[in-house]
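Chains as they are written, first to last, in this note's numbering: chain H, 1 to 1090; chain P, 1091 to 1673.
All remarks here apply to the structure that follows.
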Amino acid sequence: MFLTSAGVASASPTDLGIEVPESDVFVASPQQAKKTVTGTVEDAMGPIAGANIVEKGTTNGTITDMDGKFTLDVSPNAVLVVSFIGYIEQQITVGNQTSFTIQIKEDSQALDEVVVVGYGTQKKVNLTGSVSSVDFADQALSRPITNVSNALAGLSAGVQVMQSSGQPGSDGSKIRIRGVGTLNNQDPLVLIDGVEGAMDLVNPQDIESISVLKDAASSSIYGSRAANGVVLITTKKGKAGKLSVSYSGRVSYAQPTNLIDQVTDYADYMEWLNESFENIGQPNHFAQSTIDLWREKSKDPNGLNENGVPNYIAYPNTDWQEALFGHGLINDHNVSVNGGTEKLRILMSAGYLDNPGLVDNTGIKKYSLRANIEANVTNWLTVGTRTFASQEDKEAGNFDNANNYLRQTTPGLYPEWNGQYGYPEASEESATANSILAFLNAQDGKKQKTNFNTTLYSRISPIKGLSWDFNLNYKRYWEDNQTWTNPYEKVKFSDGTIMSPATEPSEMTTYFYNRADYSYTLQNILRYNITINKDHDLGALAGYEEYYYKRDTRNATKKGLIDSSIHTPGSATEMLSVGGGAFDRASRSFFGRINYAYKSRYLFEANLRHDGNARYHSDYRWGTFPSFSAAWRISEEDFMINTKNWLDNLKLRVSYGSVGNNGGDDVGEYEYQSTYGGSKYPFGGKLISGLASTSIANSMLSWETSKMTNVGIDLNALNNRLSFTMDAFVKNTTGILFTPSIYLTAGNKGAPRKNIAEMSTKGVELSLGWKDQIEEVSYSVSGNFSYTPNKIKKYKGKLVAGYDENGEWKSNIGDVASSTSAVNPVIEDRIMKEYYIRNPYKGSGKGYAADGVNGGPTDGMIRTESDMEWLKAMIDAGHTFMPNKTVSKDKIWYGDYIYADANGDGIYGGSDDKEFQGVSSDPKYNFGFQMSAAWRGFDISMNWAGAAGFKLYWGASTGYNSPTTRVGVALGTDIANDHYFYNPENPSDPRTNLYAQYGRLVNGESGYQNVETSSLYLFNGNYLKLKNLTFGYTLPAHISKKIFTDNLRVYVSIENVFNITKYPGQDPELGAYPEYTSLRQFAFGANISF
Amino acid sequence: MKLVKNICLLGASIALLTGCNSDLMDLTPYDSIASGNMWTTENLADMGVTGIYNVLRSENVAGDLHKFDSYGVSADYRDGNYSLLRGNATTGDGQFSGYWKINYEGISRCNDAIMNLPKAPLSESKLARLTAESKFMRAFFYYRLNMMYKGVPLYLEPAELDELVKGRNTEAEVWNQVITDLTDAINTADLPDKYAAGNADYGRVTKGAAYALRGKAYMWTGEWAKAEADLRKVGDLGYGLFQGEYKQLFKEANEQCEEMIFSLQCIGESGYGNNFTFRYGTRSSFGSCWNTYLASTDFVETYECADGKPFNWDDFIPGYNSMDQAKRSVYFLRDGMTEAEKAKMAEDGADLSKYLADGNEARIRMAYESRDPRLMATIITPYAEYFGANGATAYTYTLRWPYRGFDTADPFDLKTDTNNRYYYLFRKFVAEGASEIPNREYSPIDIPIIRYADVVLSLAECLNEQGKTDEAIEWVNKVRARAGAALLNSNQYTQVSGQDNMRERIRNERRWEFAGEGVNFFDEMRWKTWHETKFKSGAGLKQIWGSMQASYTWGGDYLYNWAIPKSEIQMNTNLTQNNGWID
């Protein structure tokens, strides 16, 4: 991280990608004296070491030093040719100038791209492991992303990025590297400038680059935390030279991407509700007169009722999805200052993000500051700091559970009028139908997250090739939430009656929650590099690290406020509750690396980490994680000389290594220790402390281990226009930390976590890119794809189910499955969390035959009289149809599903009839696709991301996807528009719909035939999204100079442009039960530097 | 030299930073105590036993007795969809696993205490008392298991996880163990007979509780004489019927009265009160509660008239019984209906020709006001008042139909979650006014688990089963006298005609006396009358005039023996399932 890698194809020790400290200086000797010019060669990332400077037409030349500096004596009218592998060659006329700052531009398929790797950097061509890197600065500059993780979607093979919510402040993405390989925490280790941290705390604008370490060989230097891959984030640093100021800012208009439609016409709603009562043999709930009244008033929405209230308010037809999810204007502004002298380099930045989101009272404002400062105290000592602080202020709207409240309301109340909230208008309507807006605003206050993170470091280079880094990081994190009752009234607008008066101050509560974390990380790293006999390059690294983290929380609620505007806990009268807790974490590690290269053709690397973690008993605390990798650059071989004209690089990589996973937040800190926890009870009217054994400990708990083998090919051809990378890997994880289900007879005690399961993930990753220029149009196209299936290799034994000699069905499912009720239990030999649920019955469509068994409805739904006859005959013949067993309007009726009898015991839809569905909620395929083109100052780019091979279980929920109804609860439009109806007493009823997609409407949320857990509610989640589309224009330099800027670019960018999917819910990327829609943003932005 | 100096300085600072933390990785939890230290002091021993009592708070023990009441005859679940009542419960039903699990949790805490209390430095008398309490509690949990599953595995010592694979003991073996543990408790001299009201230990197990529970256990085994002896003993130890008004028995002031033998101790603190107000109350109760459970319409009709005459609608409204259910809703309409309301009600089927514009409410009130006083003390009936609250202000509400609203203004209609339905609501255990409880989730009023009226009526049952019907009548009359109901054998309606008639009367007496208390379901299961009472033809969740909202379906007699939880059988193949259950 403090190292840059030098690179020139000629004989330099740095050629091999071995990390060399910056102080390890080597300067070419000056040539003949004519005129001395000096300068610095740099690119967007900073000074370039090892760049070639040649006087055109001569052999007079030099290379830049570690700081990108050069000095060269040239003839007065010389032209300098500056070149560096992987960069576009530049020619500069010397003229009268003697000092130059030469910006060279990367050739995007650059072979000499420098990649950040564990505890160092390396040239991409010299990598032996599987590492992908993202040039993040480009993403951050052009896309209206509100946090770092979301920007990574689709950019890298084998890196799955899925956003789970659009809610400001919790809209980060879930990242999975190379699929899922464990049953617990699957989040990659995220290191920000070498220190573990939360990705989304970093201001996107401060990030220089992101590397993803995918195979065990690259990540094993991080030992027991690296099994899910490692994401290395490197922030920008100061560069010596002119001080420059950059501003980047944008304003974006945000709207919901997709909402679940619910019936908004209240008259229709009431009719359908009545149908659901009728279907189960109950009287209508809503009077026809009420329905007729609504229909009539809806024709004249602006007419006034007898109290002068407009009909659209007095007889509402509310669209609650729209009432909740509006639109917002997001502001994002950043300023940074970069520059300094040889001795002192600084980067300072400030950022401001205002994301009001789509929903009232749930927005955030985020402020961030950074100072990265580095000083060369002497020629052997460098010291520096990277200090970062941020604060997020979030509005305290009560959004939790909003989707549930959104379900528990009807079109029959008006949202908000004159600052008051609506109340159900029809007398039949449930008095408790919610106003989601009232609910949202029932709570006020503030939620603040503050983050302070500083690293002080020093680097000592006592002798050539040797360096010692000492880093000390200190972090604090505070959460400070204060919320209080926000009084409101609910009014029946039609006549102005206050149906629910505002809470009185004496009943208001005030709540606070504080969390304070601190941690330190301490690192010592020694590095040594040497070249022996020109052909042998050897590097070594040894390090020590320790880490301690502590979290404290406390909270209290008090009731009885002086006034609704006074909220301090001290001013409230009655104590309701006080709570608090604490935990800590610690780890200690030793690690090392050796690399060796021979003639830059054969590359070898070995890593070792010895890790101890306080989570485990001292006997099981320490683990050792080795890895080995090698690469063969075939294109460098003599026998490949004939291919040089088209083949730029061909490399074969092989690696094998072992890494660990400590379970992250999924594993408790003290689980190996058997303890008694609080268990109080009052005696004599007073609460008395009690204790009970609350969990069963496993003192042999330890981390899990993944062993990964990786084979890869890198190819660059046709003058680097074509690039291709392919990796194949096998990852076997053993000792997976999991809590198997235990006997109910053990009581409430938490089951012991064990290192019990084994999993295997195999995968293939492909990246293919093409970049070229046609006349003035430069363009690039790239795509990536990964396939990462997994399988549980071992859990608690094989599932054995079948009939015993007595003809009785026996199954050991309870023993070998992690749960008998979950829709996706963990079972050996299956995909991890594969769905295991009932299927609807599939019959021949024929009636009841003598053997009976194969007749009946083709898709499981009793649709026709013939289906019903079959059902009755089957019941008479002794078959049982679970769960409702008998034929009647409130049990099994026309428009109800029956379930398959998978085990053939005559019980249809019994719990032994669950079947594996061959799929889980984890995508097997992930892909991304990027295109960009530029012509003169104009540029356009797009980014596609998608996933396939997964399904989501979106269980029956009234108001969204279930044909069940409840008074006071919504009705999904899809259900309303295409549900079954048949009344055998009146087959010509106009509502008859025998071939509907959904079952009949029934009143009551549970117990009915159609809401059983079954594959009816399992939906294909495949999607392909156009994540971003950007058009930009950069002012030509001569014009921007005139307005005193070095660079000025304006752009329009659309995020989440559209989504191609068949999934019926909100957005498959958000999962089955989304709470907050993702945002589509139309951004206008500008980047200016001067 | 400078270089060396700097290296030394840095080296020293590293040593400082690492050296200070030589125990960096030996971390222990901040909020619990290591197992090895448990049971080593008197304080820890006390806390270990308190931890057993804590289980009483749980669901499926005493925390949700309202749910068990809805399994019995007196209450209905508002959504009417409990699988046990719809006849489609399977062995995987959460009811069976939840009940099994929490009772075994209690048992494991008891076993831990019984085994380890001797290790603690306790006086002999304290050790004896704590052991007796623990044994009572173990008996209590096994009693609960055996009532439902009829034979469960017996674990009497702390067991390792892999030892929890025993097969089922027989029902008789489990009753035997219950009786053995209770006998040990009874024989412990240091176990107090009774704690006086206000005692700091009030709420702990007493000898009175042990006798009462043993008596009830003997009733399950049909050993009437033994049961009789134990139940008689309870009165000797100082317990008796509360002599105030029946309704006041369920108020905080009387939660430690002489009637309470063993009750769930509640205080007004989050997590340590009862939530009966929340589940039985209404939107007009303090804290805006949910009428999750409703008083059963069929059950209300069983309450006798005050003179003991069986209630008959036709006595109050001639022709009521033969009328169509929707039509007779007219009798429940409020006075002074608007034309719009009338039109709406007519549309819903009410026979408005029977509407008395000025006296409709008075007519229907008569049907309730002349009844066993326990009816109106337990249940909010049409046009009865309820002293409720909105926010911090108390108001008196009235249960009217149709509902018009007005939480804080005249006419103060009682607001429920089901305003578009007319149901009977619970009054018992529901907070009144705005200051009786601090929060709907934690009322400070203790919930009786065993009270003396239960002992009295159980005693009457034991006597009657032994043919001592006359003596049984005396005991029943104590309860009726307190309630203000006509005494048995005091008039033509209350004339006991024999042992069978007396059995029926005792059973009904228990249903009325304990309505809402979660007692009845276990009675019906013991009497094997659940089918004929809860699932009689046409049973279900009904509006007051009888319109069905959700019907109940009897699954079969196998329901008298609950299913051994499916997942437990699948994990422990030594367990066998009760007959009749299918998955």
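Each residue gets a CB set at the ideal place from its N, CA and C atoms; glycine is no exception.
Any chain H beta carbon closer than 8 angstroms to residue i
{"i": "Asp1438/P", "result": "yes"}
{"i": "Asp1500/P", "result": "no"}
{"i": "Gln1355/P", "result": "yes"}
{"i": "Ala1222/P", "result": "no"}
{"i": "Trp1190/P", "result": "yes"}
{"i": "Glu1561/P", "result": "no"}
{"i": "Ser1213/P", "result": "no"}
Nearest-angstrom Cα separation, counted from residue j out to residue i
{"i": "Arg1517/P", "j": "Asp815/H", "result": "46 angstroms"}
{"i": "Ala1433/P", "j": "Ile1527/P", "result": "41 angstroms"}
{"i": "Ala801/H", "j": "Asp913/H", "result": "11 angstroms"}
{"i": "Phe1090/H", "j": "Arg143/H", "result": "22 angstroms"}
{"i": "Lys1256/P", "j": "Phe1186/P", "result": "18 angstroms"}
{"i": "Leu437/H", "j": "Tyr405/H", "result": "10 angstroms"}
{"i": "Ile53/H", "j": "Thr62/H", "result": "5 angstroms"}
{"i": "Thr886/H", "j": "Thr1623/P", "result": "22 angstroms"}
{"i": "Glu1437/P", "j": "Gly1007/H", "result": "30 angstroms"}
{"i": "Phe785/H", "j": "Ala582/H", "result": "43 angstroms"}
{"i": "Leu80/H", "j": "Ala240/H", "result": "22 angstroms"}
{"i": "Ile1086/P", "j": "Ala572/H", "result": "Outside the shown range of chain P (1091 to 1673) lies residue 1086/P, about which nothing can therefore be said."}
{"i": "Ile463/H", "j": "Leu715/H", "result": "38 angstroms"}
Short Cβ contact (8 angstroms threshold) for residue i with residue j
{"i": "Leu353/H", "j": "Asp332/H", "result": "yes"}
{"i": "Glu1551/P", "j": "Met1309/P", "result": "yes"}
{"i": "Ser500/H", "j": "Glu489/H", "result": "yes"}
{"i": "Thr739/H", "j": "Ala728/H", "result": "no"}
Option in the options with minimal Cα separation from residue i
{"i": "Val894/H", "options": "Tyr787/H, Val800/H, Asn983/H", "result": "First, the residue type needs correcting, since residue 894/H is Tyr and not Val in the sequence shown. Minimum Cα distance to Tyr894/H is reached at Asn983/H."}
{"i": "Tyr247/H", "options": "Asn1059/H, Asp261/H, Val335/H, Gln163/H", "result": "Val335/H"}
{"i": "Asn1127/P", "options": "Leu1207/P, Val1420/P, Asp1183/P", "result": "Leu1207/P"}
{"i": "Asp1448/P", "options": "Leu1423/P, Leu1155/P, Thr1468/P, Arg1597/P", "result": "Leu1423/P"}
{"i": "Thr235/H", "options": "Gly172/H, Leu304/H, Leu369/H, Lys105/H", "result": "Leu369/H"}
{"i": "Asn607/H", "options": "Thr40/H, Ile221/H, His979/H, Lys343/H", "result": "Ile221/H"}
Cβ of residue i within 8 angstroms of any chain P Cβ
{"i": "Glu428/H", "result": "yes"}
{"i": "Phe724/H", "result": "no"}
{"i": "Asn434/H", "result": "no"}
{"i": "Glu915/H", "result": "no"}
{"i": "Arg621/H", "result": "yes"}
{"i": "His567/H", "result": "no"}
{"i": "Ser577/H", "result": "yes"}
8 angstroms Cβ cutoff, residue i in contact with chain B
{"i": "Met1137/P", "result": "Going by chain labels, chain B is absent from the structure shown, which instead holds the protein chains H and P."}
Threshold first: 4 residues or longer. Then list the alpha helix (DSSP H) segments lying entirely within the segment 271-343 of chain H, N to C. Correct list: 288-298, 311-314, 320-324.
Beta strand (DSSP E) segments (min. 3 residues) lying fully within the segment 1348-1424 of chain P:
Runs of the beta strand (DSSP E) inside the segment 1348-1424 of chain P: 1350-1354, 1383-1385.
task: Pick out the complete beta strand (DSSP E) segments inside the segment 513-569 of chain H, 3 residues or longer, and give them in chain order.
output: Within the segment 513-569 of chain H, the complete beta strand (DSSP E) segments of 3 residues or longer fall at 536-559, listed in chain order.
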